[in-house]
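Enquirer: Would you mind keeping the following structure in view while I ask a few things?
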Amino acid sequence: MIRTADYEARYPGWNDWKWQYANRITTAEEVARYLGMSEERKKQVEECLGYFRMAITPYYASLIDPSDPNDPIAKIAVPSIEETLPCESDLADPLCEERDSPVPHIVHRYPDRVLFLVTLRCSVYCRYCTRRRVVGEEDRAIRESELQKALKYITDHTEIRDVLISGGDPLVMGTEKLEHIISSLRAIPHVEIIRIGTRVPVVLPMRIDSALLDMLKKYQPIWINTHFSHPREVTPQSQRACEAIVDAGIPLGNQSVLLRGINDDADIMKELLLKLVRMRVRPYYLYQCDLSQGIGHFRTSVDRGIEIMHKLTGNISGYAVPKFVIDAPGGGGKIPVNYEYIIQKDDREVVMENYKGDIYKYPQPK
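Be aware that the sequence shown starts at 18, since it is given in this note's numbering, and climbs by one per residue.
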């Protein structure tokens, strides 16, 4: 694999996020040339692109090892023919976001918070994306008229204290446009917390620049959740981006998706989680893979996720262990899924198993 310094020397714009975005790999011809694909594999990518778009930043593509047929970064970013195979459990909108959308761009499912989808663009279109039915379909951000309708809904519903800005990826928007949205939200008295969901620190880390961070600091409290799914995504560049966010006083969490053949292994997950906490990123959620169309090959059994969580618990610090959840099909929201440590419980005592499998008893109060 080519070193980052070699890319920087070869491409003067390498560290410019706008150059990275403008030079994304988007065609079968480009990705085949980069990875040295066979003609058959190239045709499979072309077939997949008839269903779902592809985009890979040059930076993220540089993390792929073309000699490894099971490279995890390639599995995350490069289309597979398996995406075209029907699965009986596939759903276009598995989380029923459209049903829970009272006005365009707003999903209001939980009592005190809303999801605010401000763009359909991402710098990289992950192959397991939950919103692949719409994300990447239009290269535009929210229109001003749509923004005002969404802001009015939030203003009129005083129970909303927390707004999660997502998409697509809001950080692919220009800083000025993003500030317009954030400042408008901050002007609503009952909005206490603004959160941003973004994969930019992972796939486009040069976007985390001083201009962006200086803008965000003006509108605290702001929280950011990013999305590392494999330890290979942790690089000096992504580490610098994450540390810059935290140094700006913005709490940074991580949400991973459990993916077959990529991170469905306790040792791989442990390596990722420990790397995250070393760079001050708090593991938040580990999601069971959703039922979106064309991603059935990424799904593991729920038992596999429970097994991984059981192996992690007690073997690494509690703050490094995320919560394993299923975002319930049909719009039921996030449901925690846990290993059952309580063996027996009555009004006298609770019989428990610890992480080693040893049995302990706790007397109930009289």
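From the three backbone atoms N, C-alpha and C, an ideal C-beta is built for every residue, glycine too.
Does the Cβ-Cβ distance between R249 and P89 come in under 7 angstroms?
Expert: Start at 1 with the first residue of the sequence shown, and residue 249 comes out as number 232. Start at 1 with the first residue of the sequence shown, and residue 89 comes out as number 72. For R249 and P89, yes; Cβs fall inside 7 angstroms.
Enquirer: Specify, as a first and last residue, the run of the beta strand (DSSP E) that W31 falls within.
Expert: Within the sequence shown, numbered from 1, the residue matching residue 31 stands at position 14. No beta strand (DSSP E) contains W31, which DSSP labels as neither H nor E.
Enquirer: Where in the region 140-178 do unbroken runs of the alpha helix (DSSP H), each at least 4 residues long, occur, reported from the N-terminal end onward?
Expert: Qualifying alpha helix (DSSP H) stretches, in chain order: 161-173.
Enquirer: As a quick exercise: from I239, D107, L168 and R178, pick the residue whose alpha carbon is nearest that of D307.
Expert: Taking the sequence shown and counting its residues from 1, one reaches residue 307 at position 290. When each option's Cα is compared against that of D307, the closest is D107.
Enquirer: Secondary structure at M223, three-state DSSP: helix, strand or coil?
Expert: Sequence index remark: in the sequence shown, residue 223 carries index 206 (1-based). M223 falls in the helix class under three-state DSSP.
Enquirer: Just mark S227 as buried or exposed, buried being the case when its beta carbon has 16 or more other beta carbons within 10 Å.
Expert: Residue 227 sits at position 210 when you count from the first residue of the sequence shown. With fewer than 16 other Cβ atoms within 10 Å, it is exposed.
Enquirer: Can you grab the Cα-Cα spacing for the pair K92 / V48, in whole Å?
Expert: Reading the sequence shown from its first residue, position 75 is the one you call residue 92. Reading the sequence shown from its first residue, position 31 is the one you call residue 48. Their backbone Cα atoms lie some 13 angstroms apart in a straight line.
Enquirer: Is the CB-CB distance between N271 and Y301 below 7 angstroms?
Expert: Position 254 of the sequence shown, counting from 1, holds the residue named residue 271. Position 284 of the sequence shown, counting from 1, holds the residue named residue 301. Yes, they are a contact pair.
Enquirer: Could you pull the start and end residues of the alpha helix (DSSP H) that G322 belongs to?
Expert: Position 305 of the sequence shown, counting from 1, holds the residue named residue 322. Looking at the DSSP string, the run of the alpha helix (DSSP H) that includes G322 is V319 to L329.
Enquirer: Report the rounded CA-to-CA distance for A22 versus V217, giving the unit in angstroms.
Expert: The residue given as residue 22 occupies position 5 in the sequence shown. The residue given as residue 217 occupies position 200 in the sequence shown. If you take the alpha carbons of A22 and V217, they lie about 20 angstroms apart.
Enquirer: Do V189 and S255 count as a contact pair if the criterion is CB distance below 7 angstroms?
Expert: Here residue 255 is taken as the residue at index 238 of the sequence shown, counted from 1. Here residue 189 is taken as the residue at index 172 of the sequence shown, counted from 1. No, the Cβ-Cβ distance between S255 and V189 is not below 7 angstroms.
Enquirer: Between V120, R116, L137 and P187, which lies nearest to K166 when the distance is taken from Cα to Cα?
Expert: As a working note, residue 166 is residue 149 in the sequence shown. Taking only the C-alpha atoms, the option nearest K166 is V120.
Enquirer: Considering only the alpha carbon of each residue, which of T44, E357 and L132 lies closest to C113?
Expert: What you label residue 113 is simply residue 96 of the sequence shown in a count that begins at 1. It is L132.
Enquirer: Using the DSSP secondary-structure output, state which residues sit across from V124 in a beta bridge.
Expert: Start at 1 with the first residue of the sequence shown, and residue 124 comes out as number 107. L132.
Enquirer: Pull up the distance between the alpha-carbon of G185 and that of E366, whole angstroms please.
Expert: If you number the sequence shown from 1, residue 185 lands on position 168. If you number the sequence shown from 1, residue 366 lands on position 349. Each residue's alpha carbon lies about 49 angstroms from the other.
Enquirer: Runs of 4 residues minimum, wholly inside the region 182-221: which ones carry the alpha helix (DSSP H) assignment?
Expert: Runs found: 192-203 and 217-220.
Enquirer: Suppose the cutoff is 7 angstroms on Cβ atoms and the five residues either side in sequence are ignored; what does the same chain contact list for F245 look like?
Expert: Here the question's residue 245 lines up with position 228 in the sequence shown. Only V219, V251, N271, S273, L289 and L293 meet the Cβ criterion.
Enquirer: Is the beta carbon of C259 less than 7 angstroms from the beta carbon of V319?
Expert: Mapped onto the sequence shown, residue 259 falls at position 242. Mapped onto the sequence shown, residue 319 falls at position 302. Their beta carbons are not under 7 angstroms apart, which means C259 does not touch V319 by this criterion.
Enquirer: Just to confirm, is the Cβ distance from I213 to P238 under 7 angstroms?
Expert: Residue 213 sits at position 196 when you count from the first residue of the sequence shown. Residue 238 sits at position 221 when you count from the first residue of the sequence shown. Against a cut-off of 7 angstroms, the Cβ pair of P238 and I213 comes out as no contact.
Enquirer: Taking the alpha-carbon of N355 as reference, which of E324, K362 and G335 has the nearest alpha-carbon?
Expert: On the sequence shown, residue 355 is found 338 positions in, with the first residue counted as 1. Residue E324 is the option with its Cα nearest to N355.
Enquirer: Tell me the residue span of the alpha helix (DSSP H) that contains V263.
Expert: Numbered from 1 along the sequence shown, position 246 holds the residue referred to as residue 263. Residues P253 to D264.
Enquirer: How is V298 classed by DSSP in three states: helix, strand or coil?
Expert: Walking along the sequence shown from the start, residue 298 turns up at place 281. DSSP places V298 in coil when its eight states are reduced to three.
Enquirer: In whole angstroms, what separates the C-alpha of P83 from that of E193?
Expert: Taking the sequence shown and counting its residues from 1, the one referred to as residue 83 is at position 66. Taking the sequence shown and counting its residues from 1, the one referred to as residue 193 is at position 176. Distance between the alpha carbons of P83 and E193 is about 38 angstroms.
Enquirer: Could you check whether the Cβ of W36 sits closer than 6 angstroms to any heavy atom belonging to the ligand ADP?
Expert: In the structure shown, the ligand ADP is absent, as is every other ligand, since no ligand is present at all.
Enquirer: Three-state secondary structure (DSSP) at L108?
Expert: Against the sequence shown, residue 108 aligns to sequence position 91. Strand, per DSSP.
Enquirer: So the candidates are E176, L102 and I171; which of them puts its Cα closest to the Cα of D2?
Expert: Because the chain here runs from 18 to 383, residue 2 falls outside it and cannot be looked at.
Enquirer: Roughly how many angstroms separate the alpha carbons of M71 and G322, rounded to a whole number?
Expert: Residue mapping note: residue 71 aligns to position 54 of the sequence shown, counting from 1. Residue mapping note: residue 322 aligns to position 305 of the sequence shown, counting from 1. About 28 angstroms.
Enquirer: Helix, strand or coil for K59 per DSSP?
Expert: Counting from one through the sequence shown, the residue named residue 59 turns up at place 42. Note: K59 maps to helix in three-state DSSP.
Enquirer: Exposed or buried, what is V368 when buried is set at 16 or more other beta-carbons lying within 10 Å of its beta-carbon?
Expert: Sequence index remark: in the sequence shown, residue 368 carries index 351 (1-based). Exposed, because fewer than 16 other Cβ atoms sit within 10 Å of the Cβ of V368.
Enquirer: Below 8 angstroms on the Cβ atoms is my guess for D344 versus M223; work out the distance and round it to an integer in Å.
Expert: Here residue 344 refers to the residue found at position 327 when the sequence shown is read from its first residue. Here residue 223 refers to the residue found at position 206 when the sequence shown is read from its first residue. That pair is no contact at about 31 angstroms.
Enquirer: Expressed to the nearest angstrom, what Euclidean distance is found between the alpha-carbon atoms of F69 and P187?
Expert: Stepping through the sequence shown from its first residue, residue 69 is reached at position 52. Stepping through the sequence shown from its first residue, residue 187 is reached at position 170. If I take the Cα positions, the gap works out to 20 angstroms.
Enquirer: Identify the continuous alpha helix (DSSP H) that holds V48 and give its terminal residues.
Expert: Residue numbering aside, residue 48 sits at position 31 when the sequence shown is read from its first letter. V48 -> alpha helix (DSSP H) spans A45 to L52.
Enquirer: So, at 6 angstroms on beta carbons, what are the nonlocal neighbours of T317 in its own chain, with the 5 sequence-adjacent residues on each side left out?
Expert: For the purposes of this step, residue 317 is identified with residue 300 of the sequence shown, where counting begins at 1. So the qualifying residues of the chain are L275, R277 and D281.
Enquirer: Taking S334 as the reference, give the member of D363, Q310, K287 and P380 with the closest Cα.
Expert: The residue you call residue 334 lines up with position 317 of the sequence shown. Taking only the C-alpha atoms, the option nearest S334 is K287.
Enquirer: So Y379 and L221 are in contact, right, with Cβ under 8 angstroms, and what is the actual spacing, rounded?
Expert: On the sequence shown, position 362 is the one that residue 379 refers to. On the sequence shown, position 204 is the one that residue 221 refers to. Between L221 and Y379 the Cβ distance is about 49 angstroms, and since that is not below 8 angstroms, they are no contact.
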